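A short worksheet on the structure shown next.
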Amino acid sequence: MSFRLYHLQRATALVLAPLVLAHLFVIFYATSKGLSAASILSRTRGSDGWAAFYGLFVLAAAIHGAIGLRNVLAEWGPAPLARNPRALEAIVWTLALALGALGLRAVYAVVA
Amino acid sequence: MKNLIVSIWRGREDGRFVTYEAPRNESQTVLDIVTYIQREVDPTLSYRFACRVGVCGSCAMTVNGRPRWTCRTHVSKVVEDNRLQIGPLANLPVIKDLATDMTRFFERWQDAKGAFAPTATRADPIAAIKPEDARRQAVDAGIECINCGVCWSACDTVRWNADYLGPAALNRAWTLQNDARDGAAKERLSAVAQKGGCQACHSHQSCERHCPQGLNPTASIAGLKKMSLSAYLRGELK
Amino acid sequence: MSALADRRETGYRRDALWIAALVHRLSGVALALFLPLHFLVLGLAIRSDASLDSFLGWARQPLVKCAEAGVVFCLAVHLAGGLRVLMLETRGWRPGQRNLAIAGVLVAALAGAAYLIGA
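Protein chains in written order, with my numbering: chain Y, 1 to 112; chain G, 1001 to 1238; chain E, 2001 to 2119.
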């Protein structure tokens, strides 16, 4: 892994750590109260706070997940791919873009 | 005592395990067993050793699935069900039987700039370094390496990442980074922060678990990661 | 495949920290695979609240709940393992890594169990 990707991976991890912790509490809260879709959406719709929280979460997770998958492929993937730095680089950014786009669409769906 | 059933790797990469029997003795080491078989059963068996007392680092082999220094590994400590399986070190090409080609392992020491770069001449006074100095203590924790290759052989990052410098070379780099007399800290830090450098380590700690000298290369590598992170944040490393 | 690759040489993998790294990697891959599905489901809310609600109803089945508890475990264990590595790499070496790794897995298992019971 390149020096740059390593630090990007750690930086996104640092961003994600508190967000994941908060997200876990959100999950426990929502499921223990048995909240319906309507009651969840009534809390999130029009909320800048939730939009910022999950927007940041999605972007950091997209980058973090893409780099992580790249590293797994580099070590465990089939040799032609694992030994091809360009292909691995392409995979990182394709995955990050795809995950980020899907994620932002989901955030838009629940806050807009 | 019953005879020991010993299977030993014979041939090169495409070789196989061959089973022998060896008499069991008190305080016997794995190296004693290999030597017995070479002297009494099959003189064509190839293996390496020199000092027999844990100093030279040349007799490491894979014993019942784990890398060990065979001269100081007692049979009683590793025998399972009266059986021993002895193979060459992993992650290195096999030359023949139990002898591996350690070229790559040593080349990595060069790649990690594992040579001391002096800053003084013989005319200068000897550098005064206090034993309680924190950097001196970091050096102390890492300097008894005997270059046996056990950590290299126990490391899955070495196995999975062809560029990886490996625990021993990085541990060596860490001791030099803490040596107040050394003058190549910047070049070395950039060498160990390249692709395949300290950042590749997954902290499995297999090196620490298996190092016959009780060293902890994972700790040294963590130190290098921290050191290169602060250099990166200061803009000294790209 | 050479016969040598078959020989027993990976006994070092029977160690808490090796397993911790494996758990970290597998939970990370599982989360990365789960994320797109999660995003697609939330995206249902774009069309209508009702389609998200019908999904939430489907998700109340016991088998689905178990799978969700698995995701919660993966998230918690990846967080705990990641924090340990992050501390190790930025603050320098600390002893007791094996105990920390085991504690992280236990906490994550508790989180997964709590989800199953509480939900």
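No residue lacks a Cβ here, since even glycine has one placed at the ideal position from N, Cα and C.
Note that the coordinates shown come from a computational prediction; the quantities given were computed from them, not determined experimentally.
Three-way DSSP call (helix, strand, coil) for residue i in this model
i, result
"Glu75(Y)", "helix"
"Ser2002(E)", "For Ser2002(E), the pLDDT reaches just 43, beneath the cut-off of 50, and the residue's location in the model is therefore unreliable, although a value from the coordinates is still provided. Coil at Ser2002(E), not helix or strand."
"Gly1087(G)", "strand"
"Leu2037(E)", "helix"
"Trp1069(G)", "strand"
"His7(Y)", "helix"
"Thr1121(G)", "coil"
"Thr94(Y)", "helix"
"His1210(G)", "helix"
"Thr1035(G)", "helix"
"His1204(G)", "coil"
"Thr1029(G)", "strand"
"Asp1042(G)", "coil"
"Ala1216(G)", "Reading the sequence as shown, one finds Asn at residue 1216(G) and not Ala. Correct three-state label for Asn1216(G): coil."
"Ile1146(G)", "coil"
"Ile27(Y)", "helix"
"Thr1157(G)", "helix"
"Arg2007(E)", "Unreliable positioning characterises Arg2007(E) in this predicted model, as indicated by a pLDDT of 49, which lies under 50. A coordinate reading is not provided."
"Pro85(Y)", "helix"
"Tyr2012(E)", "helix"
"Tyr1047(G)", "coil"
"Lys33(Y)", "coil"
"Cys1198(G)", "helix"
"Cys1056(G)", "coil"
"Ser2054(E)", "helix"
"Ile63(Y)", "helix"
"Ile2102(E)", "helix"
"Glu1132(G)", "coil"
"Pro80(Y)", "helix"
"Lys1225(G)", "helix"
"Arg1141(G)", "Per the sequence shown, residue 1141(G) should be read as Ala rather than Arg. Residue state, collapsed to three classes: helix."
"Gly68(Y)", "helix"
Cβ-Cβ separation, residue j to residue i (assumed contact under 8 Å), whole Å
i, j, result
"Phe28(Y)", "Gly2118(E)", "6 Å"
"Ala1138(G)", "Gly1223(G)", "7 Å"
"Arg1072(G)", "Pro1212(G)", "7 Å"
"Leu102(Y)", "Pro2036(E)", "6 Å"
"Gly2081(E)", "Gly2112(E)", "Contact flag wrong, Cβ pair sits at about 14 Å."
"Arg1135(G)", "Ala1180(G)", "6 Å"
"Val1078(G)", "Arg1068(G)", "7 Å"
"Gly1142(G)", "Ser1230(G)", "So it is not a contact: roughly 19 Å between Cβ atoms."
"Asn1171(G)", "Cys1145(G)", "6 Å"
"Trp1009(G)", "Asp1140(G)", "At roughly 37 Å, the Cβ-Cβ gap does not stay under 8 Å, so Trp1009(G) and Asp1140(G) are not in contact."
Terminal residues of the beta strand (DSSP E) in which residue i lies
i, result
"Lys1096(G)", "Val1094 to Lys1096"
"Ala1060(G)", "Ala1060 to Val1063"
Residues that residue i bridges to, as DSSP identifies them
i, result
"Arg1016(G)", "Arg1010(G)"
"Ile1005(G)", "Glu1021(G) and Arg1083(G)"
"Asp1182(G)", "Pro1118(G)"
"Ala1969(E)", "The structure shown does not extend to residue 1969(E), since chain E is modelled only from 2001 to 2119, so the question has no answer here."
"Ala1099(G)", "Lys1096(G)"
"His1074(G)", "Thr1029(G)"
Continuous alpha helix (DSSP H) stretch holding residue i: start and end
i, result
"Gln1177(G)", "Pro1167 to Gln1177"
"Pro2062(E)", "Pro2062 to Arg2091"
"Asp1163(G)", "From DSSP, Asp1163(G) is part of no alpha helix (DSSP H); its letter is neither H nor E."
"Ile40(Y)", "Ala37 to Thr44"
"Leu1237(G)", "Where Leu1237(G) is concerned, there is no enclosing alpha helix (DSSP H), given that its DSSP letter is neither H nor E."
Would you be able to state if there are at least three C-beta pairs under 8 Å between the region 1101 to 1108 of chain G and the region 1083 to 1093 of chain G?
yes
Does the region 6 to 18 of chain Y come close enough to the region 50 to 64 of chain Y to have 3 or more Cβ pairs within less than 8 Å?
yes
Counting Cβ pairs closer than 8 Å, one from the region 1195 to 1206 of chain G and one from the region 1036 to 1054 of chain G, do we hit at least three?
no
Is it a yes or a no for the region 2006 to 2022 of chain E touching the region 1063 to 1083 of chain G, going by three-plus beta-carbon pairs under 8 Å?
yes
Just checking, does the region 83 to 102 of chain Y make contact with the region 48 to 62 of chain Y on the three C-beta pairs under 8 Å criterion?
yes
For the structure I just gave you, are there three or more beta carbon pairs, one from the region 41 to 53 of chain Y and one from the region 75 to 89 of chain Y, closer than 8 Å?
no
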